[in-house]
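Trainee: Below is one structure. I have some questions about it.
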Amino acid sequence: MEASMEDNFVEESQEKNNSNFEIPRIGAKDALNDHMEICVTEAEKRETGALNVRDFYTVYLIETKVTDTNWNGALTQLSSIWRRYSEFELLRNYLELTYPYVVLPALPEKKVLYAWQKVASDTFDPDFVDRRRAGLENFLLRVASHPILSYDHLFVGFLQQAVGWRENIKETGYLQLAESTLKGLSVSVRLKQPDKRFEAIKNYSNELQSNVGNFLRVRARMAERLYAIHKLHANYGRVFSEWSAKEKEMGDGLQEVALRVSHSSLMSSDRMKPMSGDWAVTINFL
Numbered sequence: 001m002e003a004s005m006e007d008n009f010v011e012e013s014q015e016k017n018n019s020n021f022e023i024p025r026i027g028a029k030d031a032l033n034d035h036m037e038i039c040v041t042e043a044e045k046r047e048t049g050a051l052n053v054r055d056f057y058t059v060y061l062i063e064t065k066v067t068d069t070n071w072n073g074a075l076t077q078l079s080s081i082w083r084r085y086s087e088f089e090l091l092r093n094y095l096e097l098t099y100p101y102v103v104l105p106a107l108p109e110k111k112v113l114y115a116w117q118k119v120a121s122d123t124f125d126p127d128f129v130d131r132r133r134a135g136l137e138n139f140l141l142r143v144a145s146h147p148i149l150s151y152d153h154l155f156v157g158f159l160q161q162a163v164g165w166r167e168n169i170k171e172t173g174y175l176q177l178a179e180s181t182l183k184g185l186s187v188s189v190r191l192k193q194p195d196k197r198f199e200a201i202k203n204y205s206n207e208l209q210s211n212v213g214n215f216l217r218v219r220a221r222m223a224e225r226l227y228a229i230h231k232l233h234a235n236y237g238r239v240f241s242e243w244s245a246k247e248k249e250m251g252d253g254l255q256e257v258a259l260r261v262s263h264s265s266l267m268s269s270d271r272m273k274p275m276s277g278d279w280a281v282t283i284n285f286l
């Protein structure tokens, strides 16, 4: 009975995956970004249409342009469409369940996780919105460069289909597929003689997860300490600079101290930059 449940789960997953391969390909390692330009050009703050409740959200403009005239896999040659962050999450969840064997790129964070990132905590702050816009564009480009994910018809619809995309993705039944996935996992737990190869991969992945988690915790502590030094020296620099303006005899000395302390603050800031690069943002969400 357990074997039949596993077989049904595998067959169901394969049927779901095969139904998405409707867009013509050109080469074995061909991907969507070989035929189309994709960019997230701008963000816009909008208000919900509710009468008594004012709620704001941000939408992002996705623009696409077909660059290969011999390719007919696009819905239109040029497109501009607005998408919310929640729709990006919906797309990623669908891809994750439909293609469990593919490592998906991470989405940018929904809010600032650490104070040392020196980004405004307001999710509507222009700097934060632009950072998220760049992260969403990077997510789309990485999916579009994958030879399997990029040709999923719902991914192409996400880029170009203005109406009905949410309904189409719900009709695929990916939520039911998620339930089947959980059932399949519960079956594997009850196996009396699990495959040693899969057990080895499982043990390796658990160990890797533990090591990466420890690495991120140490990195976060180091960054917090550097950020505290940066803020402390920046405040001291401002205090000594203001103090020097009020002192006649000690003014030059206080100004020199202010310059030295401010320089130390800048050095701490430079040391934090490698900790907030693209690789650091990505590894946080693996």
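Following UniProt numbering, the numbering of the sequence shown begins with 1 at its first residue and continues without gaps.
Cβ coordinates follow ideal geometry from the N, Cα and C atoms, glycine included.
1. Could you name the residues of the same chain whose beta carbon sits closer than 6 Å to that of Ile-26, not counting the 5 residues immediately before and after it, in chain order?
2. Go ahead and pull the three-state DSSP assignment for Thr-69.
3. Here's the rule: buried if 16 or more other CB atoms are within 10 angstroms of the residue's CB, otherwise exposed. What is Arg-36?
4. Please list the terminal residues of the continuous beta strand (DSSP E) segment that includes Leu-78.
5. What did DSSP end up calling Thr-98 once you bin it into helix, strand or coil?
6. Using only CA atoms, which one of Ser-265, Met-250 and Ala-144 lies nearest to Lys-231?
7. Which partner residues of Phe-56 appear in the DSSP bridge assignment?
8. Note the first and the last residue of the continuous alpha helix (DSSP H) segment covering Pro-126.
9. In terms of residues, what are the limits of the alpha helix (DSSP H) holding Ala-220?
10. In whole angstroms, give me the CA-to-CA distance for Asp-125 and Lys-45.
11. Could you check where the alpha helix (DSSP H) with Glu-167 kicks off and where it finishes?
12. For Asp-68, which of Ser-210, Ala-31 and Thr-41 has the nearest alpha-carbon?
13. Going straight from the alpha carbon of Tyr-151 to that of Glu-224, what length do you get?
14. At the level of alpha carbons, what is the spacing between Glu-242 and Ser-269?
15. Quick one, are the C-beta atoms of Lys-110 and Tyr-85 less than 9 Å apart?
16. Give me the Cα-Cα distance between Lys-248 and Leu-254, rounded to the nearest whole angstrom.
17. Determine the contact status of Phe-139 and Arg-83, defining contact as a CB-CB distance below 9 Å.
18. Go ahead and label Gly-164 buried or exposed: buried means 16 or more other beta carbons lie within 10 angstroms of its beta carbon, across all protein chains shown.
19. Got a sec? Which residues, its chain only, sit under 8 Å from Gly-54 by beta carbon, not counting five neighbours each side?
Mentor: Quick look at the numbers:
1. Note that Ile-26 has pLDDT 47, beneath the 50 cutoff, so the model's placement of it is unreliable and the number below is only indicative. Closer than 6 Å at the Cβ level, and outside the excluded window around Ile-26, lies no residue.
2. In this structure, Thr-69 counts as coil in the three-state DSSP scheme.
3. The amino acid occupying residue 36 in the given sequence is Met; Arg does not appear at that position. Answer is buried; the Cβ neighbour count reaches 16.
4. From DSSP, the beta strand (DSSP E) with Leu-78 extends over 78 to 84.
5. Look at Thr-98 here: in three-state DSSP terms it is helix.
6. Ranking the options by Cα distance to Lys-231, first place goes to Ser-265.
7. DSSP output for Phe-56 lists Glu-47 as bridge partner(s).
8. DSSP places Pro-126 inside the alpha helix (DSSP H), whose first and last residues are 126 to 144.
9. Per DSSP, Ala-220 belongs to the alpha helix (DSSP H) from 196 to 244.
10. Going by the C-alpha atoms only, they are around 10 Å apart.
11. Boundaries of the alpha helix (DSSP H) harbouring Glu-167: 165 to 171, taken from the DSSP string.
12. Among Ser-210, Ala-31 and Thr-41, the Cα nearest to that of Asp-68 is on Ala-31.
13. Distance between the alpha carbons of Tyr-151 and Glu-224: 42 Å.
14. CA-to-CA, the gap between Glu-242 and Ser-269 works out to about 22 Å.
15. Contact flag set, yes.
16. The alpha-carbon separation between Lys-248 and Leu-254 amounts to approximately 10 Å.
17. Not a contact, by the Cβ cut-off of 9 Å.
18. Answer is exposed; the Cβ neighbour count stays below 16.
19. Here residue 54 turns out to be Arg, not Gly, going by the sequence shown. Glu-47 and Thr-48, listed in sequence order.
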